[in-house]
Amino acid sequence: MNHIHKLGIAVLVASCILSFKCESLPDLGGLTGGGASDADMADLGTAAFEDLKKKTPISSDPRANAYVRCVANSILAVTQDPTGVKDWEIVVFQDPSANAFALPGGKIGVHVGLFPVATNQDMLAAVIGHEIAHVTKRHGASRMQSGSLAGVGVGMMDKMISADNPLKGTIMAGIGLGAQYGVVMPFGRGQESEADLVGLDLMSKAGFDPTQSILLWKNMSAAGGSKTPQFMSTHPSNENRIKDLQANMNKALSTRAQAQSLGKRPTCSP
Ligand SMILES: [Zn+2]
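Residue numbers for the sequence shown follow our numbering, beginning at 9 and rising by one.
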């Protein structure tokens, strides 16, 4: 475990250099970056999710599943997705590491190990809103054409991961599942900031308490030290994260008040 942790940090440092490069890419104005189509990204996200489901036990706990579905469906009900997802699939994984993710093609995974860090429905909504934002803002696509994946057609990658190609771990990391495959490719700072703000808006529109997003990130940091949450390896924090959330909190609170006046008052129980 310790060895994997050290390896993860080494790869994290290497990937940061890579992600700084990505940040210098021009703003594509919502267009899919890296030449990948939404359909190709959806095929890849679906193949990656199927692979993860084969290697990671799925929780059959009805309470945990109902809880995650309640939060995720509340957010999806107010999500505008330009990538063409028809049905979102939501799976709770019996994995003790604190992590959650969303993939192109409409796949949401939550590890049971997230519950001790995201301790109420609003914090879980902050995580899921952030993850859905990475998908709707197409943050995976540009990463698929950088580093050792440059020149590999995204349309081929779903077949490459099902055939256990040597690039499988890197492809998984590019799509957002690196930690589970021993390869970490963090989202860039710009992508993290965007996912934070879009996520804050989504959770507020769904009627969740946006102030809990700040407590969530504080919990994530506090859980560091000997046992850094797996989520933090792919979603690196920075000193501006909480400041930016605070700067947008008044707007988020009025969005939430409006949502609640429309009857959006989620009561999802862990
Ligand atoms: Zn993120």
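Think of the CB as a built atom: it goes at the ideal place given N, C-alpha and C, for glycine as much as any other residue.
Those residues which DSSP pairs with Phe101 across a bridge: Numbered from its first residue, the sequence shown carries residue 101 at position 93. According to DSSP, which records beta bridges pairwise, Phe101 is partnered with Ile66 and His119.
Every unbroken alpha helix (DSSP H) inside the stretch 159–221 [4 residues or more]: 162–170, 176–183 and 197–213
Alpha carbon of Asp166 to alpha carbon of Ala187, nearest angstrom: Here residue 166 refers to the residue found at position 158 when the sequence shown is read from its first residue. Here residue 187 refers to the residue found at position 179 when the sequence shown is read from its first residue. Approximately 18 Å, taken between the alpha carbons.
From Leu224, Thr127 and Gln88, residue whose alpha carbon lies closest to that of Val143: On the sequence shown, position 135 is the one that residue 143 refers to. Among Leu224, Thr127 and Gln88, the Cα nearest to that of Val143 belongs to Gln88.
Ala108, enclosing alpha helix (DSSP H) - first and last residue: For the purposes of this step, residue 108 is taken as residue 100 along the sequence shown, with counting starting at 1. Note, Ala108: premise wrong, no alpha helix (DSSP H); beta strand (DSSP E) at Ala108 to Leu111.
Rounded C-alpha distance that separates Met240 from Val120: Here residue 240 refers to the residue found at position 232 of the sequence shown. Here residue 120 refers to the residue found at position 112 of the sequence shown. Cα-Cα distance, rounded: 16 Å.
Rounded separation between Asp51 and Ser150 - CA only: Residue numbering aside, residue 51 sits at position 43 when the sequence shown is read from its first letter. Residue numbering aside, residue 150 sits at position 142 when the sequence shown is read from its first letter. Between Asp51 and Ser150, the C-alpha separation is close to 16 Å.
Beta-carbon spacing of Gly114, Trp96 below 8 Å: The residue you call residue 114 lines up with position 106 of the sequence shown. The residue you call residue 96 lines up with position 88 of the sequence shown. Yes, Cβ-Cβ distance for Gly114 and Trp96 is below 8 Å.
Glu200: CB within 7 Å of a non-hydrogen atom of ligand 3: Among the ligands present in this structure, namely ligand 1, ligand 3 is not found.
Close Cβ partners of Gln220 (< 7 Å) along its chain, the five nearest in sequence each way excluded: Counting from one through the sequence shown, the residue named residue 220 turns up at place 212. Here the set comprises Asn128, Asp130, Met131 and Ala134.
Distance cut-off 7 Å: Ala108 Cβ against heavy atoms of ligand 1: In the sequence shown, the residue the question calls residue 108 occupies position 100. No, ligand 1 has no heavy atom inside 7 Å of this Cβ.
Sequence-distant residues of its chain with Cβ nearer than 8 Å to Gly38 (five each side left out): For the purposes of this step, residue 38 is identified with residue 30 of the sequence shown, where counting begins at 1. At Gly38 the pLDDT is 37, less than 50, meaning the model places this residue with poor confidence; the figure from the coordinates comes in the next sentence. If we look at Gly38 and ignore the five residues flanking it on each side, its Cβ neighbours are Pro90, Lys145 and Arg146.
Three-state class that DSSP yields for Trp225 in the structure shown: As a position in the sequence shown, residue 225 is number 217, starting the count at 1. If DSSP states are grouped into helix, strand and coil, Trp225 belongs with the helices.
Whole-Å CB distance - Asn227 paired with Arg197, under 8 Å assumed: Counted from its first residue, the sequence shown places residue 227 at position 219. Counted from its first residue, the sequence shown places residue 197 at position 189. Their Cβ separation, rounded to whole angstroms, is 21 Å, which puts Asn227 and Arg197 out of contact at 8 Å.
Val99 beta carbon less than 8 Å from that of Leu210: Along the sequence shown, one-based indexing puts residue 210 at 202. Along the sequence shown, one-based indexing puts residue 99 at 91. Using a Cβ distance threshold of 8 Å, Leu210 and Val99 do not count as a contacting pair.
Local conformation of Asp46 per DSSP, three classes: Residue numbering aside, residue 46 sits at position 38 when the sequence shown is read from its first letter. DSSP, read as helix, strand or coil, puts Asp46 in helix.
Closest Cα partner of Tyr189 within the set Ala230, Arg249, Ala265 and Asn173: Taking the sequence shown and counting its residues from 1, the one referred to as residue 189 is at position 181. Of the candidates Ala230, Arg249, Ala265 and Asn173, the one whose C-alpha sits nearest the C-alpha of Tyr189 is Asn173.
Buried/exposed call for Thr242, threshold 16 Cβ in 10 Å: By one-based count along the sequence shown, residue 242 stands at place 234. Around the Cβ of Thr242, a 10 Å sphere holds 16 or more other Cβ atoms; the residue is buried.
Delimiting residues of the alpha helix (DSSP H) encompassing Asp252: Here the question's residue 252 lines up with position 244 in the sequence shown. Element bounds for Asp252: Asn248 to Ala255.
Limits of the alpha helix (DSSP H) - the one that Gln88 falls within: To locate residue 88, count along the sequence shown from 1; it is residue 80. Element bounds for Gln88: n/a, residue is neither H nor E.
Gly148: first and last residue of the uninterrupted alpha helix (DSSP H) it sits in: For the purposes of this step, residue 148 is identified with residue 140 of the sequence shown, where counting begins at 1. That run of the alpha helix (DSSP H) goes His147 to Arg151.
Best match in Gln102, Ile83, Ala265 and Ile183 for proximity to Met54 [C-alpha to C-alpha]: As a first step, residue 54 is located in the sequence shown; it is residue number 46 there, counting from the start. For the record, residue 54 in the displayed sequence is Thr; it is not Met. Per the Cα distances, Ile183.
CB-CB length for Leu261 against Ile222, believed under 8 Å: As a position in the sequence shown, residue 261 is number 253, starting the count at 1. As a position in the sequence shown, residue 222 is number 214, starting the count at 1. Contact doesn't hold; Cβ gap of about 12 Å is too wide.
Distance, His138 Cα to Val76 Cα: Translated into the one-based positions of the sequence shown, residue 76 becomes position 68. Translated into the one-based positions of the sequence shown, residue 138 becomes position 130. In a straight line, the C-alpha of Val76 is about 15 Å away from that of His138.
Proximity test, His142 beta-carbon vs ligand 1 heavy atom, cut-off 7 Å: Within the sequence shown, the letter at position 134 stands for residue 142. Yes, since a heavy atom of ligand 1 falls inside the 7 Å radius drawn around the Cβ of His142.
Span of the alpha helix (DSSP H) around Gly271: Position 263 of the sequence shown, counting from 1, holds the residue named residue 271. That residue, Gly271, is in no alpha helix (DSSP H); it is neither H nor E in DSSP.
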